[in-house]
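First to last, the sequence lines map onto chains A and B. Residue 224 in the working numbering sits at position 214 of the first sequence; the count goes up by one each step and never skips. Residue 104 in the working numbering sits at position 94 of the second sequence; the count goes up by one each step and never skips.
2 protein chains.
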Amino acid sequence: MEFIKGLEGITRTRFQEFLEKADGEETIIEGAVHSVRDMGEIEFIILRTREGLIQTVWEKDVATSASHKIHEGDCLKVTGIAKTEKRAPHEKELRIKSVEVLSTASEPLPLPIGKWVLNTSLEAKLNCRALALRNVKERASFRIQEGLVRAFREYLYQQGFTEIHTPKIGAKSAEGGANMFKLSYFHRPAILQQSPQLYKQMMVGVFERVFETGPVFRAEKHSTRRHLNEYISLDFEMGYIDSFFDICKMEAGYLKYAMKLLQSDYQKELKLLGITLPNVEQIPYVKFEEAKHLVAEKYNRKIRNPFDLEPEEEELIGKYFQEEYRADFVFVTHYPSKKRPFYAMDDPSDSRCTLSFDLLFKGVEVTTGGQRIHDYEQLVDKIEQKGMTKEGLEQYLDAFRFGIAPHGGSGIGLERLTMQLIGAENIRETSLFPRDMSRLEP
Amino acid sequence: MEFIKGLEGITRTRFQEFLEKADGEETIIEGAVHSVRDMGEIEFIILRTREGLIQTVWEKDVATSASHKIHEGDCLKVTGIAKTEKRAPHEKELRIKSVEVLSTASEPLPLPIGKWVLNTSLEAKLNCRALALRNVKERASFRIQEGLVRAFREYLYQQGFTEIHTPKIGAKSAEGGANMFKLSYFHRPAILQQSPQLYKQMMVGVFERVFETGPVFRAEKHSTRRHLNEYISLDFEMGYIDSFFDICKMEAGYLKYAMKLLQSDYQKELKLLGITLPNVEQIPYVKFEEAKHLVAEKYNRKIRNPFDLEPEEEELIGKYFQEEYRADFVFVTHYPSKKRPFYAMDDPSDSRCTLSFDLLFKGVEVTTGGQRIHDYEQLVDKIEQKGMTKEGLEQYLDAFRFGIAPHGGSGIGLERLTMQLIGAENIRETSLFPRDMSRLEP
């Protein structure tokens, strides 16, 4: 009998290893042809590996010319000799001894992905997504995104949270019936969850602290630069809190951890994209009403809607806190009850507002969170006040009827957070395959 | 202006800290009342915290009786004095000085969750899921599940994989039209993805190595102990492979890493559930046809379907390799082309079978994987042979037309893996809120 014993036998030269090779060492590199340049006596074949570009050199007196058979997009396995070369990327190149063509591209690429900046419209990029992302700057944004999710999980594991997976198909959802995609589930009407809210609250009764990173679905008829109809939500919920500030603190703790992780493990991508990480050491907080008045006064703006923040108002709040406190983030607290869902806890000192918050990052809301009602009777009353029924909420309500700790939590939009961090103009830049009102493919 | 500066100010006594307290030290513990026992002079109030049970003791000469106001399910904040006590769980108890009731349960619980083993039918447990999982053994399974997902990500990050998020709503899917949930997407017909297959292949052209952990949806009309209609798939896909054995090796590497992580970080749960971790140091592999014949011969069984494995056959293969090689896992390779999807690469030496595999764990398939076709022309031919059309696959095919490395990958069913590891009878035990043909709630 033969056995598989793990990774032994798979050996690949990784990028860093290549850079550390001594001059004259034989090395094998695999990668896709990023560009080919024929200089007469020699040809430069730049390979794109997952970690960066590597210059390989074909000397015509060593081997016969390659350019007639090597094209952009081909995947190669190159054996060669490492050599220090000041003009090469990372000051290292590979002098080719032999090339094995692993696969070939049948046509020249429709996008100039080998260019440093892919100067193509968003529309064109999305229409060739799998190709456009081969551009090294384009793909770097998604490495940054990985860092943000990874930091979220790592930080919360450390804080004693349990990771959960809640169903995306359901019979009823947190915030009533609007804005939900409907489907047929074995001949029964069903919906796609717009949030794991009710599930994560139920799980506070089990694990005390839980988190989930997964897709949520919103059938909102928005067509803006900051809305997606399917996105990744970074959700956490925690019991035994003293106030909703504990949630803000946990989120601030995450952001600090995330920036540190990006700094240490994603330095290459930060440089490539020219990102300056935001200041998260201290995040100011301000009440909703006060925030409204501060910007109305400073920027001479009329308050039109007292119950919500208009996008322009969010931008101005961001601007205000940048100018006054050099703060990139600001917690806006005590949102009006009218605009918050049934499970939000009202402020006992003023029931017109809730013990909840939004976190703005450079003027865009990236998180909604707050304390939730934990008392069963209070929750039932609130459901009635909101004109909802208990139907479909039986198991959710049982979690409260049989005791649950004071708790709260928050939901972070991963793509929004990425967008603000990398300074993208449009949220579609930060979703591999965005779903919006007109885009369902690929 | 006031600022949030991360976690400072949130101090909770964690379980391990409590166990390490010296006798006489004052400590604050928060938790839910697991049980109350009145012994006359003293009362034992067992608290359930996220990390385990803690015995607290109310001495009647120290404080007035608590039992008339403390009930199972209440959440408490207890201040007391730590004391070594041989008969208490973990040989440590807390002598109560004062109690703050954080929230109250309005009724006795409908399930005896305070019992060691929750001897209740699966049906009853699922009907009170949020309560049943409060039982310490019930919830432990999901901590093990966390370890499995966490290990998957940690291991693949180390191996240079990039984490991706692909859309769950789409216009068309990997394996054609059957078995998919249909929905309306802004008046256009759409489906829920039954696998991230096509997306992860496209992303091989971008990041070389990618993985995703997310929900997949299958509208299969199965009602068995090992099928769910929504489950979590642990998917990876990697470029520059030499053969499909590289995929097996990567998966074996993951399993080794996962068992180590469970051993180190989930020891408490392993003990609680009495789990003996499987042997993953070496995993045998056997060709599909050979496996069929081996068990037909040894267990005197007729081969009925030459193109697929019946569940009973999988069980017998598991049994065979357990008996012959003390192996818990076995890779069954070279599945018939007839039963594999269009993207599977045929074996060049025998086109009736593919360079693919299933991984069986104690006789149940937990993974499907293999090498994929990377040549554009070959792929187009295969699509035609399978009677499919290129419609809807344009962007997918472009990833091949413009060059992609030889690659392969696999998809692991998280709930199946958990089920076999913890020895559950039914896969529904391993999904927080299972979705099956009849269960859409809560």
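Ideal placement from N, C-alpha and C gives every residue a C-beta, glycine not left out.
Legend entry - Cβ-based contacts, 9 Å cut-off: residues of the region 391–410 of chain B near chain A: G402, L403, E404, Q405, Y406, D408, A409, F410
Legend entry - Within chain A, the residues that S113/B reaches when beta carbons sit closer than 8 Å: H384, D385, G413, I414, A415, P416
Inset, instruction - Return the Cβ separation of P225/A and G224/B in integer angstroms, given the expectation that the two are a contact with Cβ distance under 8 Å. - result: 7 Å
Legend entry - Cβ neighbour criterion (16 or more within 10 Å) applied to G41/A: buried
Legend entry - Secondary structure of L369/B, DSSP reduced to three states: strand
Inset, instruction - Output the distance between the C-alpha atoms of F25/B and I14/B, rounded to the nearest integer angstrom. - result: 27 Å
Inset, instruction - Could you pull the start and end residues of the alpha helix (DSSP H) that K278/B belongs to? - result: Note, K278/B: alpha helix (DSSP H), 277–283.
Legend entry - chain A contact residues for R139/B, given Cβ-Cβ distances below 7 Å: Q405
Legend entry - Cβ-Cβ distance between I80/A and V46/A below 7 Å: yes
Inset, instruction - Tell me whether the beta-carbon of D84/B lies closer than 7 Å to the beta-carbon of G249/A. - result: no
Inset, instruction - Would you mind telling me which residues of chain A sit closer than 7 Å to K281/B, beta carbon to beta carbon, in chain order? - result: What K281/B touches in chain A: nothing, since even the nearest Cβ is about 17 Å away.
Legend entry - Beta-carbon proximity of S165/B to Y264/B, cut-off 7 Å: Correcting the residue identity first, residue 165/B is Tyr in this sequence and not Ser. Yes, the Cβ-Cβ distance between Y165/B and Y264/B is below 7 Å.
Inset, instruction - Measure the CB-CB distance between C258/A and F171/A and report whether it falls below 7 Å. - result: no
Inset, instruction - Could you tell me whether the Cβ atoms of F328/B and L370/B are closer together than 7 Å? - result: One point to set straight first is that residue 328/B is Gly, not Phe, in the sequence displayed. In this structure, L370/B lies closer than 7 Å to G328/B by Cβ.
Legend entry - Where P177/A falls, given that 16 or more other Cβ within 10 Å makes a residue buried: In this structure P177/A is buried. Its beta-carbon is surrounded by 16 or more other beta-carbon atoms within 10 angstroms.
Inset, instruction - Please report the residue range of the alpha helix (DSSP H) in which F13/A lies. - result: Taken as a continuous stretch (DSSP letters only), F13/A belongs to no alpha helix (DSSP H), being part of the beta strand (DSSP E) at 12–14.
Inset, instruction - Could you tell me which residues DSSP puts in a beta bridge with L104/A? - result: T66/A, A92/A
Inset, instruction - Find the residues of chain A that neighbour P177/B, judging by a C-beta separation of less than 7 Å, and give them in chain order. - result: E240, F443, R445
Inset, instruction - At 9 Å on the CB atoms, spell out the chain B contacts of P294/A, in chain order. - result: M11, E12, F13, I14
Legend entry - Residue span of the alpha helix (DSSP H) that contains Q26/A, given as start and end: Note, Q26/A: alpha helix (DSSP H), 25–29.
Legend entry - Rounded C-alpha distance that separates M11/A from T23/A: Within the model, the alpha-carbon separation for M11/A versus T23/A is close to 31 Å.
Legend entry - Assigned secondary structure, E299/B (DSSP; H/G/I helix, E/B strand, else coil): helix
Legend entry - Euclidean distance between Cα positions of K372/A and E325/A: So the alpha carbons of these two residues sit roughly 7 Å apart.
Inset, instruction - With a threshold of 16 other CB atoms inside 10 Å of the CB of F317/B, please say whether the residue is buried or exposed. - result: exposed
Inset, instruction - Quick one: using the 10 Å Cβ neighbour count with 16 as the cut-off for buried, is V180/B buried or exposed? - result: The sequence shown places Gly at residue 180/B, rather than the Val named in the question. Its Cβ being crowded by 16 or more others within 10 Å, G180/B is buried.
Legend entry - Cβ neighbours of Y295/B in the same chain (closer than 6 Å, five flanking residues each side left out): F341, T343
Inset, instruction - State yes or no: is the C-beta of V214/A within less than 7 Å of the C-beta of E247/A? - result: yes
Legend entry - CA-to-CA distance, E279/A to D338/A, given in whole angstroms: 21 Å
Legend entry - Assigned secondary structure, V226/B (DSSP; H/G/I helix, E/B strand, else coil): strand
Inset, instruction - State the CB to CB distance for the pair L57/B and L86/B, rounded to an integer number of angstroms; the pair is presumed to be in contact (CB under 8 Å). - result: 7 Å
Inset, instruction - Consult DSSP for M248/B and reduce its assignment to one of helix, strand or coil. - result: strand
Inset, instruction - Would you mind working out which of E333/A, E300/A, E95/A sits nearest A32/A, comparing C-alpha positions? - result: E95/A
Legend entry - Where T364/B falls, given that 16 or more other Cβ within 10 Å makes a residue buried: Counting Cβ neighbours within 10 Å, T364/B comes out buried, since at least 16 surround it.
Legend entry - Residues near L141/A by beta carbon distance below 8 Å, same chain, minus five either side: L119, P120, L121, I123
Inset, instruction - Evaluate N239/A with the Cβ neighbour count: other Cβ atoms within 10 Å of its Cβ, from every protein chain shown; 16 or more gives buried, anything less gives exposed. - result: buried
Inset, instruction - Leaving aside the five residues before and after L112/B along the sequence, list all residues of the same chain whose C-beta is less than 6 Å from its C-beta, in chain order. - result: C85, K87
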